Each structure stands twice: as structure tokens, then as C-alpha cells.
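Following: one structure in C-alpha cells, then a few remarks.
Numbering (full-length UniProt numbering), first residue to last: 1 to 305.
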């Protein structure tokens, strides 16, 4: 369906993707963009969201406390800050990765704001999706699964060797392959059984799901374009000539996209999960309102989220 952009750099470019179906429902998603190349990240996630079976309205946000070093004026005029949205509610939230996984959490300028975001989402968001560093940060802050810093980078395209349960997130997916670019791991052996969806004993968890907080965590980058890992490698090798090439990615010395089908299907499944949660929530509220009517209490205190 169609992705409607409330703001962002793409909107400035009059970027349009998908087709709007007026009879289809529209879900509102907050996308907290922590990646340095925000325009590229907007395009990547927007394309994935266009595969959902409903219309999607996206609001792009950045932390209020973050010092933006590139394209500052364009970003600050195109984005809202987290201070602008604390009073609002969203159907879904996506928090991207960030190239800060070699820093101590307390040294990150938006760390306190990120922790507040984690708490805020419990009452203001129906479904949340955390990617790469956002997963690392959430695990560290909330202590609901272990995280471990690494001295060597995990870089390449990897397939999960273990599917722990046939969650709806993996509907029509026999396995999972995704780009990884990180200096951390979520050790499989330390993750509670109820959270495990897919992973690997060496690379750690790939996908986690915590029903208690309606949150999905992925340690990689489903959104990456074909060339993204190559561009990161060229950037890193210019700094350190000993940088190792991304694994399972270059074929005949050319980057090859082997994850796109997995990524698109995963996002379709996540979108369906989000819609199911919304319907369940509204059904519960409708039932409560009906019970209140029977008791002559009215419905003024029970509203749709």
C-alpha cells in the first residue's frame, strides 16, 4: 500500500512510493532515525513499509539532545524532535541502529532521552521494532536480555542457524538471512526462552520478541540496500587498511543482495502483527464500553487508543 510521509527529507524531495487505497486503514508509525545518513535510511525503511497490506503514515523524529553534525539545518527543519511527540500516541514505532556501539552508553548524548523513549513507548505505542544499536541499547537499559560488547566487528550477511519458535513474525519464512554490522552480540545462551525467535550460537540472537512490552528486536539491518555494506567497508578500510571484508556478501567481487525477500516478508509480518494488536486493543475497549453501558456508566472513560 501507500506510505504517506508527515515530514522528513524525502518529503522535501516529493518522494512518493506505493499507491494509496482510500478504503484501506492507515496506521501511524513513529520512526526514530539515529543513522547518520538519514536520507538513505528514510528511503530504505519507506520501501520496506510500502509492502505492508495497509496504508502507513510515517513521522520521522530525532532525539532533542543529539548534536547533529551533518545537514543540520535540513534535518532540524524536516524532522520533529522527541520533545515534540511525548504527548502523542502511535500505532507503531521503529528505532533505527546508530554507529555508536563502541561508545559507553552513558557517553552518548541522547542516552537519557533514549531511556525515556523506552519507558514512554509502553503507554503510547502499540508495537515497537528496534534495529541493531537500538536493540543493544534496549537490552542494556531494560535488562530483559543480555548484551555483550565485542572488540571485532561482525560484518556481512548471515543466516540464522536456529529458529527457536514459529512466531507469526516468521510466517512463510523457512529461515532468516540479514546484513549484520555491529560491535556487540546478544548471547543466545543468556536469553530467556520466551524471547527467542531466531539466532546463532556464534553470532548470537538475530530476532527477539518480548510480548510483555509488545516489542521486537533485530540485531541486524533488514533495511540495507545492496551497496550499503560495501560503502561501510570502503569507509572503514580508508581508516584502517586491515579492515576485514563483509562475509557472504561479495560474489565475483560484487556486492550481492540475498536478503531482500526475507526483509520484505518480515516487515509484512510485523505489519500484520501490529494491526492484529490494534484490533485486539479496540475489541477489548469495545467490550469494556458495552459492559459499562449495561451498568449505566457510559463510555466517556473508555476510548480507542
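Beta carbons are placed, not taken as given, at the ideal position from N, Cα and C, and that holds for glycine. As the structure is a computational prediction, the values presented were derived from the model and not from experiment.
Asked: Cβ pair residue 270, residue 185 closer than 8 Å; Found: no
Asked: Alpha-carbon spacing of residue 72 relative to residue 34, whole angstroms; Found: 13 Å
Asked: N- and C-terminal bounds of the beta strand (DSSP E) containing residue 156; Found: 148 to 159
Asked: Buried versus exposed call for residue 251 [16 or more other C-beta atoms within 10 Å across all chains shown]; Found: exposed
Asked: Whole-angstrom C-beta distance between residue 97 and residue 42, which should lie under 8 Å; Found: Between residue 97 and residue 42 the Cβ distance is about 14 Å, and since that is not below 8 Å, they are no contact.
Asked: Cut-off 8 Å between Cβ atoms - residues of its own chain near residue 74, not counting five sequence neighbours on either side; Found: 9, 12
Asked: Presumed contact (8 Å Cβ cut-off) between residue 246 and residue 161, rounded CB distance; Found: At roughly 18 Å, the Cβ-Cβ gap does not stay under 8 Å, so residue 246 and residue 161 are not in contact.
Asked: Neighbour flag for residue 200 against chain B, beta carbons, 8 Å; Found: In the displayed structure, chain B is absent; only one protein chain is listed.
Asked: Selected residue, minimal CA-CA separation from residue 193, among 219, 146, 280; Found: 146
Asked: The ligand SAH heavy atom lying under 7 Å from the CB of residue 115; Found: With respect to the ligand SAH, the structure shown offers nothing to examine, as it has no ligands at all.
Asked: Local conformation of residue 192 per DSSP, three classes; Found: coil
Asked: Element boundaries [beta strand (DSSP E), containing residue 202]; Found: Where residue 202 is concerned, there is no enclosing beta strand (DSSP E), given that its DSSP letter is neither H nor E.
Asked: Reduced DSSP category for residue 224 - H, G, I as helix; E, B as strand; rest coil; Found: coil
Asked: Inter-residue Cα distance where the pair is residue 3 and residue 138; Found: 27 Å
Asked: DSSP-derived helix/strand/coil call for residue 42; Found: helix
Asked: Strand pairing of residue 210, partner residues [DSSP]; Found: 215
Asked: Cα-Cα separation, residue 32 to residue 61; Found: 5 Å
Asked: Coil, strand or helix - residue 12 by DSSP; Found: helix
Asked: Residue(s) in a DSSP beta bridge with residue 363; Found: Any answer about residue 363 is impossible in this case: the structure gives the chain only from 1 up to 305.
Asked: Check whether residue 104 and residue 213 have beta carbons under 8 Å apart; Found: no
Asked: Range covered by the alpha helix (DSSP H) that runs through residue 106; Found: It is not in any alpha helix (DSSP H) - residue 106 carries neither H nor E in the DSSP assignment.
Asked: Through-space distance from residue 235 to residue 84, alpha-carbon basis; Found: 34 Å
Asked: Residue 75, enclosing beta strand (DSSP E) - first and last residue; Found: It is not in any beta strand (DSSP E) - residue 75 instead sits in the alpha helix (DSSP H) that spans 72 to 78.
Asked: Whole-angstrom C-beta distance between residue 229 and residue 181, which should lie under 8 Å; Found: 6 Å
Asked: Buried versus exposed call for residue 209 [16 or more other C-beta atoms within 10 Å across all chains shown]; Found: buried
Asked: Buried/exposed call for residue 179, threshold 16 Cβ in 10 Å; Found: buried
Asked: Where residue 254 falls: helix, strand or coil (DSSP); Found: strand
Asked: Option nearest residue 334 by Cα separation, candidates 67, 279, 120; Found: Absent from the model: residue 334. The displayed extent of the chain is 1 to 305, so no value can be given.
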